[in-house]
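If you count by our numbering, then the sequence shown holds residues 1 to 249, one letter each, in order.
No residue lacks a Cβ here, since even glycine has one placed at the ideal position from N, Cα and C.
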Amino acid sequence: MIFPFNYLNILGKYLMLMWRCIAIPDRWRLFFKQYVKEMQQLGVDSIGIVLLISFFIGAVICIQMKLNIQSPWMPRWVSGYTTREIMLLEFSSSIMCLILAGKVGSNIASELGTMRVTQQIDALDIMGVNSANYLIAPKILGLITLMPCLVIFADVTGILGAYATAFVGHILAPEDLTLGLQHSFKSWFVWMSIIKSLVFAFIISSVSSFCGYTVEGGSVEVGKASTSAVVNSSILILFADVFLTQLLS
Numbered sequence: 001m002i003f004p005f006n007y008l009n010i011l012g013k014y015l016m017l018m019w020r021c022i023a024i025p026d027r028w029r030l031f032f033k034q035y036v037k038e039m040q041q042l043g044v045d046s047i048g049i050v051l052l053i054s055f056f057i058g059a060v061i062c063i064q065m066k067l068n069i070q071s072p073w074m075p076r077w078v079s080g081y082t083t084r085e086i087m088l089l090e091f092s093s094s095i096m097c098l099i100l101a102g103k104v105g106s107n108i109a110s111e112l113g114t115m116r117v118t119q120q121i122d123a124l125d126i127m128g129v130n131s132a133n134y135l136i137a138p139k140i141l142g143l144i145t146l147m148p149c150l151v152i153f154a155d156v157t158g159i160l161g162a163y164a165t166a167f168v169g170h171i172l173a174p175e176d177l178t179l180g181l182q183h184s185f186k187s188w189f190v191w192m193s194i195i196k197s198l199v200f201a202f203i204i205s206s207v208s209s210f211c212g213y214t215v216e217g218g219s220v221e222v223g224k225a226s227t228s229a230v231v232n233s234s235i236l237i238l239f240a241d242v243f244l245t246q247l248l249s
């Protein structure tokens with residue numbers, strides 16, 4: 001009976017930390033400045049890796065669909081249709097957030113963990129500053145704000161990658177790809193991927209912040225907290241993906 005109580009203890013500490021984060025900021029100007037900084041660091045700086053991975057994933061999905069699914073018994077637009085569905089329903093939200101959990105999550109955990117072991121967070125608490133609200137809330141809001149933009153970038157870049165295989169690789173005709181991308185398009189799938197990504201963004205930022213904020217020890221524990229942040233965020237994203245897919249479909 002030790003492990004369940006340990007998990008409940010961790011869950012209670014996490015909820016208490018999140019409760020401290022939603023307090024009203026003492027100085028809105030400093031909070032907004034920190035918020036803009038986190039949007040730059042967590043969201044804008046991640047655009048490059050999102051575009052690069054999305055482009056090649058879109059190209060690979062299109063090639064795989066053409067080579068393994070296309071047959072004389074199926075319409076020629078099937079490859080474009082399945083590529084669009086995979087990009088919208090899973091990659092642009094779930095898979096991309098798993099990738100960002102490794103980049104953004106480790107960054108957040110290591111930053112807060114370093115501040116904890118160097119007693120910077122303790123100094124903020126001594127001065128009467130709500131350190132959780134000042135350090136964690138801007139990270140959560142910043143990542144949630146820019147995550148829909150990253151989802152849209154991933155969708156568009158993935159489709160461009162699929163067109164690259166059509167024009168450069170001559171895997172299939174661009175007309176067939178266009179017909180498949182337009183076939184039975186449901187705009188709700190775009191909104192569903194955005195809603196899922198918002199939940200995943202909260203999971204990444206809050207869990208990683210908790211792992212870094214609660215570090216105890218030295219530099220070795222900071223590295224362990226960074227690894228724990230990535231692993232726990234990825235597991236929770238996969239669990240959430242199952243429930244959100246069932247709920248929103």
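**OP:** Decide yes or no for the touch test of the region 193-206 against the region 131-147: beta carbon pairs closer than 8 Å, at least 3 of them.
**Re:** yes
Subject >> Cutoff 6 Å; reference residue 34; Cβ partners in own chain excluding five residues on either side >> reply: The sequence position of residue 34 within the sequence shown is 34, counting from 1. The residues are 138.
Subject >> residue 186 classed as buried or exposed, judged by whether at least 16 other C-beta atoms fall within 10 angstroms >> reply: Sequence index remark: in the sequence shown, residue 186 carries index 186 (1-based). Counting Cβ neighbours within 10 Å, residue 186 comes out exposed, since fewer than 16 surround it.
Original post:
At a cut-off of 8 Å, is residue 35 close to the ligand MN when judged by its beta-carbon and the heavy atoms of the ligand?
Top reply: With respect to small molecules bound, the structure shown includes none, and the ligand MN cannot be examined in it.
Original post:
So which of 196, 231, 46 has the shortest CA-CA distance to residue 294?
Top reply: In this structure the chain extends from 1 to 249, so residue 294 is not present and cannot be described.
**OP:** Alpha carbon to alpha carbon, how far is residue 228 from residue 101? Give it in angstroms, no decimals.
**Re:** For the purposes of this step, residue 101 is taken as the residue at position 101 of the sequence shown. For the purposes of this step, residue 228 is taken as the residue at position 228 of the sequence shown. Residue 101 and residue 228: Cα-Cα distance of roughly 11 Å.
Original post:
Excluding the five sequence neighbours on either side, which residues of its own chain have a C-beta within less than 7 Å of the C-beta of residue 18, listed in chain order?
Top reply: In the sequence shown, the residue the question calls residue 18 occupies position 18. Cβ within range, chain order: 206.
Subject >> C-beta atoms of residue 222 and residue 215 nearer than 9 Å >> reply: Locating residue 222 in the sequence shown gives position 222, counting from the first residue. Locating residue 215 in the sequence shown gives position 215, counting from the first residue. It is a contact, given that the beta carbons lie within the stated cut-off.
Original post:
Would residue 32 count as contacting chain B if we go by Cβ distances under 9 Å?
Top reply: Of the chains in the structure shown, none is chain B; there is only one protein chain.
Original post:
At which residue ranges does the region 219-248 contain complete alpha helix (DSSP H) runs of 4 or more residues, listed in the order of the chain?
Top reply: 219-248
**OP:** Could you check what DSSP says for residue 178 in three-state terms: helix, strand or coil?
**Re:** Counting from one through the sequence shown, the residue named residue 178 turns up at place 178. DSSP places residue 178 in helix when its eight states are reduced to three.
**OP:** Assign residue 69 to one of three DSSP states: helix, strand, or coil.
**Re:** Within the sequence shown, the letter at position 69 stands for residue 69. If DSSP states are grouped into helix, strand and coil, residue 69 belongs with coil.
Original post:
In terms of alpha-carbon separation, which member of 83, 235, 113 lies closest to residue 165?
Top reply: Stepping through the sequence shown from its first residue, residue 165 is reached at position 165. Among 83, 235, 113, the Cα nearest to that of residue 165 is on 83.
**OP:** Along the alpha helix (DSSP H) that carries residue 86, what are the first and last residues, could you check?
**Re:** As a first step, residue 86 must be located in the sequence shown, where it is residue number 86. Where residue 86 is concerned, the enclosing alpha helix (DSSP H) stretches over 78-86.
Original post:
Does DSSP classify residue 75 as helix, strand or coil?
Top reply: Mapped onto the sequence shown, residue 75 falls at position 75. If DSSP states are grouped into helix, strand and coil, residue 75 belongs with coil.
Subject >> As assigned by DSSP and simplified to three states, the class of residue 26 >> reply: What you label residue 26 is simply residue 26 of the sequence shown in a count that begins at 1. DSSP places residue 26 in coil when its eight states are reduced to three.
Original post:
According to the neighbour-count rule (16 or more other Cβ atoms, all chains shown, within 10 Å of its Cβ), is residue 6 buried or exposed?
Top reply: As a working mapping, residue 6 is identified with position 6 in the sequence shown. By the 10 Å Cβ count, residue 6 comes out exposed.
Original post:
Between residue 121 and the rest of its own chain, which residues show a CB-CB distance below 8 Å, the 5 nearest in sequence each way excluded?
Top reply: The residue you call residue 121 lines up with position 121 of the sequence shown. The answer, listed in chain order, is 112, 115, 131, 135, 213.
Subject >> Outcome for residue 243 when other beta-carbon atoms lying within 10 angstroms are tallied against a minimum of 16 >> reply: Indexing the sequence shown from 1 puts residue 243 at position 243. Label assigned to residue 243: exposed.
Subject >> CB contact flag (residue 53, residue 99, <9 Å) >> reply: As a working mapping, residue 53 is identified with position 53 in the sequence shown. As a working mapping, residue 99 is identified with position 99 in the sequence shown. It is a contact, given that the beta carbons lie within the stated cut-off.
Subject >> residue 156 - containing alpha helix (DSSP H), residue span >> reply: Taking the sequence shown and counting its residues from 1, one reaches residue 156 at position 156. Start and end: 137-167.
Original post:
Mind checking whether residue 154 and residue 96 have CB atoms under 9 Å apart?
Top reply: Here residue 154 corresponds to residue number 154 of the sequence shown, with the count starting at 1. Here residue 96 corresponds to residue number 96 of the sequence shown, with the count starting at 1. For residue 154 and residue 96, yes; Cβs fall inside 9 Å.
Original post:
Does DSSP put residue 171 in a helix, in a strand, or in coil?
Top reply: Mapped onto the sequence shown, residue 171 falls at position 171. Note: residue 171 maps to coil in three-state DSSP.
Original post:
Taking buried to mean at least 16 other C-beta atoms within 10 Å of its own C-beta, is residue 176 buried or exposed?
Top reply: On the sequence shown, position 176 is the one that residue 176 refers to. Buried, because 16 or more other Cβ atoms sit within 10 Å of the Cβ of residue 176.
Subject >> Reduced DSSP secondary structure (H/G/I, E/B, other) of residue 216 >> reply: Translated into positions along the sequence shown, residue 216 becomes position 216. Of the three classes helix, strand and coil, the one that applies to residue 216 here is coil, per DSSP.
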